[in-house]
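Q:
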Amino acid sequence: MTSQSSMNISINNWNNYCDDKCAYSFKYTTSSTCTVKSYGSYLYLNYDSGSQPPVTFNGNTYNVDNIEIYSPSLHLFNGVKQDGEVIITHKQTSIGGPLIVCIPLSSSNTQSTEATQIITDIINGSSQLKNGDSINIKLNDYNLNNIVPLSPFYYYEESNGNNIIVYGLKQAISVNASVIATLQTIITPFADTKYPAVDYYYFNKYGPSMGDLGDGQIYIDCQPTGNSEDTTQVEYSKSAINNDLGSILNSKVTIFIISVFIIIVLLIIIYKLLLYLTGTPVKKAANAAISAAKGAFKKQ
């Protein structure tokens, strides 16, 4: 395997879009425990599967199997290995290959996120591990929702049927250089080529969706055209439709209709009363008044 070149992810060399075939949706749950074990060349993390499969990819559902952290990265990014890489392996709930989500770690990316804190806590908490040792680390919010970016990604399929999602450098998790140095005292570089190069890989310009948000909101990813990895998330709140009686009565049109109706009723009453008292001449005048009121109503 060492003679094979690693898969290179470049913003300029992908082959086509895969918005439908590689549609990725997730709603991960918070894992109650984080047990880290050193396997010499990588850290192995457990993750609670939850009661429902948290991931849908290309119409299939998946559970989280494990998380691994490597340094340096297993993929090449624009031809260069990065400081590290987080590998999240998902197992399909039916027969089929796994879904593997890969996110680079970079000390040159200065944008700190929730993922930065989680990965930093995991690495610092594992600093005393030797090969084969394990440790339980207490994390405040150990949830992959805070690690996997809601951003465009690349996708390719291995010959063995594994589905591989890889995020580009713009979506790399920012980790301080001192934390990377700590990681490299715990593990050594992975010797083999775990993800060899393939001929074709694709780009999902929309990125994943957050599944059922459950908070009454809709999220839309607005993407620029071309090969840019930039994405803007726009949030809309669903407004409740208020059809109560108060809102109906506040309508100007409704108020006008009711007013005209009341006037017509009053004119009819006056007409009947005057007709009873005076006879035909008043009847003609009242008829003219009623006709004028009806005409005004029709114009509205």
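For the sequence shown, counting from 1, position 234 maps to 242 in the working numbering; every step adds exactly one.
Glycine is no exception: its CB is placed at the ideal position from the N, C-alpha and C atoms.
These numbers were taken from a predicted model, which means no experiment stands behind them.
Please identify the residue among Ile188, Ile126, Glu166 whose C-alpha is closest to the C-alpha of Cys42.
A: Ile126
Q: Got a sec? Which residues, its chain only, sit under 8 Å from Ser142 by beta carbon, not counting five neighbours each side?
A: Thr43, Val44, Lys45, Ser46
Q: For the candidate residues Ser33, Asp28, Leu82, whose alpha-carbon lies nearest to that of Thr201?
A: Leu82
Q: Quick check: the segment 134–151 against the segment 166–182, are there 3 or more CB pairs under 8 Å?
A: They do not touch, by the three-pair rule.
Q: Quick one: using the 10 Å Cβ neighbour count with 16 as the cut-off for buried, is Leu221 buried or exposed?
A: Only weak support is given to the placement of Leu221: the predicted model assigns it a pLDDT of 37, under 50, and the question is left unresolved by the model.
Q: Ile276 CB to nearest chain D CB: under 9 Å?
A: Considering every chain present, this structure includes no chain D. It has just one protein chain.
Q: Straight-line CA distance for Thr10 to Ala199?
A: Any reading at Thr10 must be qualified, since the residue scores a pLDDT of 46, below 50, and its modelled position is unreliable; no value is offered.
Q: Mind checking whether Thr101 and Thr69 have CB atoms under 9 Å apart?
A: yes
Q: Rounded to a whole number of angstroms, what is the C-alpha to C-alpha distance between Leu158 and Val63?
A: 13 Å
Q: Tell me, please, whether the segment 102–117 touches the segment 183–191 by the rule of three or more beta-carbon pairs shorter than 8 Å.
A: Because the criterion of three Cβ pairs below 8 Å is met, the segment 102–117 and the segment 183–191 touch.
Q: So within the segment 94–118, which uninterrupted alpha helix (DSSP H) runs reach at least 4 residues, ignoring any that extend past its ends?
A: Not a single unbroken stretch of the alpha helix (DSSP H) spanning 4 or more residues falls wholly within the segment 94–118.
Q: Nearest-angstrom Cα distance between Ser134 and Asp91?
A: 17 Å
Q: Measuring only the C-alpha atoms, how far is Asp28 from Ile173?
A: 14 Å
Q: Report yes if the C-beta distance between Val2 and Ile131 is below 9 Å; otherwise report no.
A: This structure cannot settle anything about residue 2, because the visible part of the chain is limited to 9 through 308.
Q: Please report the distance separating the alpha-carbon of Val273 from that of Leu283.
A: 15 Å
Q: Measure the alpha-carbon distance for Gly105 versus Asn212 and round it to whole angstroms.
A: 20 Å
Q: Candidates Met15, Ile145, Ser14, Lys35: which alpha carbon is nearest Val156's?
A: Lys35
Q: Sort Phe65, Val88, Tyr214 by Cα distance to Ile108 and report the nearest one.
A: Ranking Phe65, Val88, Tyr214 by Cα distance to Ile108 puts Phe65 first.
Q: Could you check how far apart the C-beta atoms of Glu76 and Tyr52 are, in whole angstroms? I think they sit under 8 Å.
A: 6 Å
Q: Report yes if the C-beta distance between Ser33 and Pro216 is below 9 Å; otherwise report no.
A: Yes, these two residues count as a Cβ contact at 9 Å.
Q: Can the beta-carbon of Ser182 be found less than 9 Å from the beta-carbon of Thr118?
A: yes
Q: Please determine, among Ile103, Phe85, Thr128, Ser267, the residue with the shortest C-alpha to C-alpha distance to Ala205.
A: Phe85
Q: With Ser186 as the anchor, note down where its alpha helix (DSSP H) starts and where it stops.
A: 185–194
Q: Which first and last residues belong to the alpha helix (DSSP H) in which Glu122 is found?
A: 122–133
Q: Given a cut-off of 9 Å, decide if Tyr162 and Gly176 are closer than it, judged by their beta-carbon atoms.
A: yes
Q: Shortest alpha-carbon distance to Ser57 belongs to which of Tyr25, Asn74, Leu285?
A: Asn74
Q: Rounded to whole angstroms, what's the CA-CA distance from Val94 to Thr128? Just pull it up for me.
A: 12 Å
Q: Taking the C-alpha atoms as reference points, what is the distance between Ala248 and Gly219?
A: With a pLDDT of 37 at Ala248, under the threshold of 50, the modelled position of that residue is not reliable, and no figure is offered here.
Q: In three-state DSSP terms, what is Ile198?
A: Looking at the sequence itself, residue 198 is Phe, so the reference to Ile does not match. Note: Phe198 maps to coil in three-state DSSP.
Q: Per DSSP, what are the beta-bridge partners of Asn68 in this structure?
A: Phe65
Q: Looking at Ile145: is its Cβ nearer than 9 Å to the Cβ of Ser49?
A: no
Q: Helix, strand or coil, according to DSSP, for Asn154 in the structure here?
A: helix
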